[in-house]
Amino acid sequence: MIATDSKPSYREMITGDRFYYGVEVVTTRGLSPPGSPGDLAALAGSLLGDPRVGWISVTDNPGGAPMLPPDWLAGLLPDKRGRIVVHLTCKDLNRNGLEAAAWRYASEGFDNVLALTGDYPTTGFHGQANPVFDLDSTGLVSLLRSMNDGLKIPGRRGGVEVLPQTNFFIGCAVSPFKLHEHELVPQYLKLIRKIAAGTQWVIPQLGYDMRKFHEVKLVLASRGLEVPVIGNVYLLSKVVAKLFHSGKLAGCVVSDGLLEQAEKYGGGADKGRVFFQELAAKQLAVFKGLGFAAGYLGGMAKPETFSSIIEKAESFAPDDWREFIREIQFSRPGEFFLFDHDPQTGLSEPARVNREFLRSLERPPKNGEVTLSYRFSRLVHDIAFTENKGLFGLFRRLYSRWEKKPGRLSRFAYWLEKNAKHLAFECQDCGDCSLPDCAYLCPMIACSKHSRNGPCGGSADGRCELGDKTCFWARVYQRMKFYRQSETMFDRPIVFYHPELKHTSSWANRYLDKDHQALDRPNGDGVQQDAPA
Ligand code: SF4
Ligand code: SF4
383 MIATDSKPSY REMITGDRFY YGVEVVTTRG LSPPGSPGDL AALAGSLLGD PRVGWISVTD
443 NPGGAPMLPP DWLAGLLPDK RGRIVVHLTC KDLNRNGLEA AAWRYASEGF DNVLALTGDY
503 PTTGFHGQAN PVFDLDSTGL VSLLRSMNDG LKIPGRRGGV EVLPQTNFFI GCAVSPFKLH
563 EHELVPQYLK LIRKIAAGTQ WVIPQLGYDM RKFHEVKLVL ASRGLEVPVI GNVYLLSKVV
623 AKLFHSGKLA GCVVSDGLLE QAEKYGGGAD KGRVFFQELA AKQLAVFKGL GFAAGYLGGM
683 AKPETFSSII EKAESFAPDD WREFIREIQF SRPGEFFLFD HDPQTGLSEP ARVNREFLRS
743 LERPPKNGEV TLSYRFSRLV HDIAFTENKG LFGLFRRLYS RWEKKPGRLS RFAYWLEKNA
803 KHLAFECQDC GDCSLPDCAY LCPMIACSKH SRNGPCGGSA DGRCELGDKT CFWARVYQRM
863 KFYRQSETMF DRPIVFYHPE LKHTSSWANR YLDKDHQALD RPNGDGVQQD APA
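Per our numbering, the very first residue in the sequence shown carries number 383; after that it's consecutive.
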């Protein structure tokens with residue numbers, strides 16, 4: 383598609399051979415009147431009018447705070463819609479809200495969508511907003527892809543209705559700047575899953591270690607995936623470096639080493655402006671040198687600052703970026719890398735997966751997550767809840783009978799289930815159980831975003847973005863690794879929770895094919911399943 387201002391569209395930029403630059407625009411909480419100092423339309427227009435800037439990307443309530451929506455801003459620049467990326471996050475809208483927003487984006491001509499789980503809401507009118515997280519980023523990617531294919535819904539007069547196809551160019555994020563193996567590997571596995579679900583381009587979250595950025599490309603290459611990756615750069619200042627270093631901004635990492643430099647240069651007469659801008663320009667040069675699809679700049683700066691950073695990035699000698707790789711390696715002590723270090727380039731070695739990691743896959747060490755109750759849960763699942771095995775058939779017959787003729791026994795079975803599962807898993811009685819998907823940890827209680835399809839990008843040092851517990855998916859990974867199942871932990875259909883089953887027996891729903899395991903199974907016609915009666 384050619385954007386109406388006759389410059390290449392974002393899709394063409396990202397899939398073409400030339401290296402383009404994009405800039406992030408964050409909207410505001412409150413009005414942005416034309417001509418005011420915070421006139422966002424003027425800012426966006428000025429960026430898109432700059433020949434050095436290929437596209438802009440507009441955020442959706444970043445940091446979990448309420449802001450003007452991205453398509454409001456994009457709508458003020460109608461002739462440039464092909465060069466605008468709009469973000470869509472799962473924190474404030476349920477699946478219907480997300481689908482409605484996607485139809486709106488498509489109707490308005492905004493096809494470039496970055497699909498994200500989103501930060502946990504932090505603030506709102508009279509207190510913190512209630513988070514939604516009905517879908518996660520994987521589910522959202524799948525929804526957008528289904529809309530591209532022509533969403534199939536039950537027809538009004540029976541049969542199937544196929545809705546008009548959309549043309550979304552779907553992006554997703556990945557968070558490589560994780561300290562531990564049990565945080566990082568699930569991130570990469572989820573990325574692969576999101577690509578299988580329909581992601582067409584990828585942007586890593588923020589960090590200042592070029593080896594880690596490069597690893598994302600290596601992971602994709604190792605799976606034979608040729609998906610464009612965009613290099614992400616945030617223009618630091620002393621204050622922002624401190625904020626990223628504190629871990630309070632989900633997924634953004636500044637190490638002790640970089641903070642030291644930020645404080646040193648930030649204390650100078652120019653407040654570190656030259657240092658920070660040069661750092662950003664060097665990162666962009668490395669992305670270009672390494673064959674990333676494009677470079678993306680964010681930060682609190684005027685359009686002319688972004689322009690001069692891009693100009694600087696373009697002004698380096700052709701091979702300077704190789705030296706910059708070594709300069710910009712602000713990892714943290716003990717940080718896990720999936721590939722071995724190549725001392726020649728300063729990057730990871732393409733064909734050499736971390737040997738220690740490979741050994742640990744062969745002989746997984748015991749870890750604190752492999753408890754007696756976990757082992758017991760696996761055994762029970764094997765005997766009683768695995769289709770065509772053990773007692774499954776017997777229970778299916780029993781629950782079928784109880785469904786036709788409910789009575790004291792079926793009520794007792796539900797009471798027993800509720801109490802036993804509450805005791806063992808802190809079960810919240812959601813009725814659509816994902817314990818087997820999540821190594822017998824309950825996502826409704828142990829993950830702040832109730833994510834059933836892999837980790838969000840928010841964990842820091844193995845802890846949840848909210849700081850109150852170990853990241854749920856880091857725990858799931860450790861459990862599965864012990865049973866040599868970590869590498870295939872996401873090799874299953876995407877889980878869509880069925881809220882209509884809340885406060886009903888999850889055991890009955892399993893045996894009677896009412897839960898996600900049955901409802902989300904491909905049924906031959908690809909029609910979205912209706913809620914069970
Ligand atoms: S996933 Fe649902 S049914 Fe399963 S333990 Fe958690 S709340 Fe209970
Ligand atoms: S537990 Fe992990 S996946 Fe869940 S919200 Fe927290 S950081 Fe994200």
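We put the beta carbon where it would ideally sit given N, CA and C, even for glycine.
### Message
Please state whether the Cβ-Cβ distance between M862 and A828 is less than 9 Å.
### Response
Here residue 862 corresponds to residue number 480 of the sequence shown, with the count starting at 1. Here residue 828 corresponds to residue number 446 of the sequence shown, with the count starting at 1. No, the Cβ-Cβ distance between M862 and A828 is not below 9 Å.
### Message
Taking the alpha helix (DSSP H) that A555 belongs to, which residues open and close that run?
### Response
Locating residue 555 in the sequence shown gives position 173, counting from the first residue. Note, A555: premise wrong, no alpha helix (DSSP H); beta strand (DSSP E) at F551 to V556.
### Task
Determine the contact status of A695 and G436, defining contact as a CB-CB distance below 9 Å.
On the sequence shown, position 313 is the one that residue 695 refers to. On the sequence shown, position 54 is the one that residue 436 refers to. No, these two residues do not count as a Cβ contact at 9 Å.
### Task
Return the bridge partner residues of N614 from the DSSP annotation.
As a position in the sequence shown, residue 614 is number 232, starting the count at 1. Beta-bridge pairing links N614 to Y678.
### Query
Say the cut is 8 Å; is the CB of S637 nearer than that to a heavy atom of ligand 1?
As a working mapping, residue 637 is identified with position 255 in the sequence shown. False, no ligand heavy atom lies under 8 Å from that Cβ.
#### Entry: Given F794 as reference, the closest of D811, S887 and A662 once Cα atoms are compared
Taking the first residue of the sequence shown as 1, we reach residue 794 at position 412. Here the closest residue by C-alpha is S887.
### Message
If I follow the unbroken beta strand (DSSP E) through H723, where does it start and stop?
### Response
Numbered from 1 along the sequence shown, position 341 holds the residue referred to as residue 723. From DSSP, the beta strand (DSSP E) with H723 extends over F721 to H723.
### Message
For the alpha helix (DSSP H) containing Y570, name the first residue and the last one.
### Response
Here residue 570 corresponds to residue number 188 of the sequence shown, with the count starting at 1. Taken as a continuous stretch (DSSP letters only), the alpha helix (DSSP H) holding Y570 covers E563 to A579.
### Message
Tell me the DSSP secondary structure of N494 in three-state form.
### Response
Indexing the sequence shown from 1 puts residue 494 at position 112. N494 falls in the strand class under three-state DSSP.
### Task
May I ask you to check if the CB of G828 is nearer than 8 Å to at least one heavy atom of ligand 2?
Here residue 828 is taken as the residue at index 446 of the sequence shown, counted from 1. Note on identity: in this sequence residue 828 is Ala, with Gly being the wrong assignment. Checking the Cβ of A828 against ligand 2 gives yes.
### Query
Is it right to say N905 is buried, meaning 16 or more other beta carbons lie within 10 angstroms of its own, or is it exposed?
Start at 1 with the first residue of the sequence shown, and residue 905 comes out as number 523. Note that N905 scores a pLDDT of 49, beneath 50, so its modelled location is shaky; the value from the coordinates is reported in the next line. Label assigned to N905: exposed.
### Message
Am I right that D722 and R734 are in contact with their C-beta atoms under 8 Å? What's the rounded C-beta distance?
### Response
Start at 1 with the first residue of the sequence shown, and residue 722 comes out as number 340. Start at 1 with the first residue of the sequence shown, and residue 734 comes out as number 352. About 4 Å; that satisfies the 8 Å criterion.
### Task
Note down, in chain order, each residue of its chain lying with its Cβ closer than 8 Å to the Cβ of T505, except the 5 sequence neighbours on either side.
Start at 1 with the first residue of the sequence shown, and residue 505 comes out as number 123. Only G446, A447, P448 and A511 meet the Cβ criterion.
### Message
Restricting to runs no shorter than 4 residues, where is the alpha helix (DSSP H) found entirely within the stretch 788-852?
### Response
790-807 and 825-828
#### Entry: Every unbroken beta strand (DSSP E) within the stretch 725-766, with a cutoff of 3 residues, ordered by chain
730-735
#### Entry: Under the three-state DSSP convention, the category P536 falls into
Sequence index remark: in the sequence shown, residue 536 carries index 154 (1-based). Three-state result, P536: strand.
### Message
If I follow the unbroken beta strand (DSSP E) through P586, where does it start and stop?
### Response
On the sequence shown, position 204 is the one that residue 586 refers to. First-last of the beta strand (DSSP E) with P586: W583 to P586.
### Query
By Cβ distance, which residues of its chain are closer than 6 Å to D814, with the 5 residues on each side in sequence left out?
Residue 814 sits at position 432 when you count from the first residue of the sequence shown. Cβ neighbours of D814 beyond the five flanking positions: Y879, H880, L883, D897 and H898.
### Query
Cβ of S816 within 8 Å of any heavy atom in ligand 2?
On the sequence shown, residue 816 is found 434 positions in, with the first residue counted as 1. S816: no, Cβ never under 8 Å from ligand 2.
#### Entry: Three-state secondary structure assigned by DSSP to I876
Residue 876 sits at position 494 when you count from the first residue of the sequence shown. DSSP places I876 in coil when its eight states are reduced to three.
### Task
State buried or exposed for P390, treating a residue as buried only when at least 16 other CB atoms are found within 10 Å of its CB.
Within the sequence shown, residue 390 is the residue found at index 8, counting from 1. So P390 ends up on the buried side.
### Message
Let me check you understand the geometry: is the CB of D811 closer than 8 Å to at least one non-hydrogen atom of ligand 1?
### Response
In the sequence shown, residue 811 corresponds to position 429, counting from 1. It does: the Cβ of D811 is within 8 Å (strictly closer) of some heavy atom of ligand 1.
### Query
What is the residue span of the beta strand (DSSP E) that H469 lies within?
Residue numbering aside, residue 469 sits at position 87 when the sequence shown is read from its first letter. Residues I466 to T471.
### Query
Sorry if obvious, but does the Cβ on K946 come closer than 8 Å to a heavy atom of ligand 1?
Since the first and last residues shown for the chain are 383 and 915, residue 946 lies out of range.
### Query
According to DSSP, which residues form a beta bridge with E543?
Here residue 543 refers to the residue found at position 161 of the sequence shown. Paired residues: I535.
### Query
Alpha carbon to alpha carbon, what distance is there between T499 and K487?
In the sequence shown, counting from the first residue as 1, residue 487 sits at position 105. In the sequence shown, counting from the first residue as 1, residue 499 sits at position 117. The identity of residue 487 in the sequence shown is Tyr, whereas the question assumes Lys. One Cα belongs to Y487, the other to T499, and the distance between them is close to 18 Å.
### Query
Applying the criterion that 16 or more other CB atoms from any shown protein chain within 10 Å of the CB defines a buried residue, is N549 buried or exposed?
Locating residue 549 in the sequence shown gives position 167, where the first residue counts as 1. Classification of N549: exposed, given that the 10 Å Cβ count is below 16.
### Task
Consider the C-beta atom of C472 and the heavy atoms of ligand 1; say whether any pair is separated by less than 8 Å.
Mapped onto the sequence shown, residue 472 falls at position 90. Relative to ligand 1, C472 has its C-beta separated by 8 Å or more from all heavy atoms.
### Message
What does the Cβ neighbour count give for F758, buried or exposed, with the cut at 16 atoms within 10 Å?
### Response
The sequence position of residue 758 within the sequence shown is 376, counting from 1. So F758 ends up on the exposed side.
### Message
Can you look up L685 in the DSSP assignment and give me helix, strand or coil?
### Response
Numbered from its first residue, the sequence shown carries residue 685 at position 303. The question names Leu, but residue 685 is Pro in the sequence shown. In this structure, P685 counts as helix in the three-state DSSP scheme.
### Query
Helix or strand or just coil, what does DSSP make of S418?
Within the sequence shown, the letter at position 36 stands for residue 418. Here S418 sits in coil by DSSP.
### Query
Got a sec, what are the start and stop residues for the beta strand (DSSP E) G404 sits in?
Here residue 404 is taken as the residue at index 22 of the sequence shown, counted from 1. Residues Y402 to V407.
#### Entry: C-alpha gap between V636 and S868, whole angstroms
Mapped onto the sequence shown, residue 636 falls at position 254. Mapped onto the sequence shown, residue 868 falls at position 486. Computed Cα separation, rounded: 29 Å.
#### Entry: Through-space distance from C554 to A667, alpha-carbon basis
Taking the sequence shown and counting its residues from 1, one reaches residue 667 at position 285. Taking the sequence shown and counting its residues from 1, one reaches residue 554 at position 172. Answer to the nearest angstrom: the Cα atoms are 23 Å apart.
### Query
Ordered along the chain, which non-local residues of its own chain (more than five positions away) have a Cβ less than 6 Å from that of A900?
The sequence position of residue 900 within the sequence shown is 518, counting from 1. Nothing listed; no residue qualifies.
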